[in-house]
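As numbered in our numbering, residues 323 to 600 make up the sequence shown, in order. Even glycine gets a Cβ: it sits at the ideal position worked out from N, Cα and C. Just so you know, these numbers come straight off a predicted model, no measurement behind them.
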Amino acid sequence: MTNLVKFAKEPLSMFDMKDKVVVVTGGTGILGSTYCECLVNAGATVIIADLSQEKCDALALKLNDNSPGLAKPYAVDLSSEESIKSWAENIVHENTKIDVLINNAATKSKNFFKPIEEFSLDEWNFILNVNVTAIFLTAKYIGKQMLKQGTGSIINVSSIYGVVGPDQSIYDGSYYEDLGGAINTPLIYSTSKGAVIAMTKYLATYWGAKGIRTNTLTPGGVFSGQNDIFIEKYSKRVPLNRMADTNEMLGALLFLASDASTYVNGQNLIIDGGLTAW
């Protein structure tokens, strides 16, 4: 109750991330790097977790330049339980506690955008392993530490296509300007992101009484180099009539990571400009 009184008098203090240790998987990606930057600037110690140690090191070096928080690079192979277990034990040992786990990592295979009729089982299993199984494993090993602490916040990042089916008509003529290749939403992506939401609900009821909150952050379409055809078609599906900027996910992320959301558990916070409201 003491904190609640303080928050009423100093409302911005509930978003203070000082003294909090936050783990971000997929930390060097388009959204992940933005999440890490936001949290470091909010005063947190941020564990940048991704496959490439070099990329983790480079981002940590950048974020530690005149930031109030601290970024620490820890590479991990999320397709390997052995790697996840060793990584989790290492960060717990070196940081003594974990306040927030953000399961943001997701992967694509070489033939990620192939149609269902041509999609291989090997690629299906590979993507499922990183997008879903890795969340189970990080929750398993980081969750053990949170149980010892009696507190923690887990944020699983999903997608609107884990909530609704994609409108196939927006993909005709759509492609990435820089990366090349046609854009679509593969079945494996929707399947894995739907599973993330289900896992959140389970963990919220499983660990809630032990002080661990679990929620889902679900972004809508974020601009990341899509061509004008896609942008126009997608934007027409959104009541706000545009795509999102990466920074527009940060308010929701900070809310779920901070003490501003101490009674929020098992929820799916959708940041999509209203697309799923139709």
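Can you tell me which residues form a DSSP beta bridge with T538? N478 and N590
In this structure, how does DSSP classify D372 when only helix, strand and coil are distinguished? strand
Validate contact between the stretch 517-525 and the stretch 567-575 using beta carbons, cut 8 Å, 3 pairs: no
According to the Cβ coordinates, are L353 and N426 closer than 8 Å? yes
Cα-Cα separation between K532 and E554, rounded to whole angstroms: 46 Å
Residues of its chain near G588, where Cβ-Cβ distance is below 6 Å and the 5 sequence neighbours each way are ignored: K523 and A526
Do you know offhand how far F329's Cα is from D338's? 11 Å
Using only the alpha-carbon positions, how far apart do Q467 and G503 sit? 42 Å
How about S512 and P488: do their beta carbons lie closer than 8 Å? yes
Comparing C-alpha positions only, which one of L334, A428 and E440 sits nearest to L400? A428
Taking a contact to mean a Cβ-Cβ separation below 8 Å, would you say R559 touches L597 in this structure? yes
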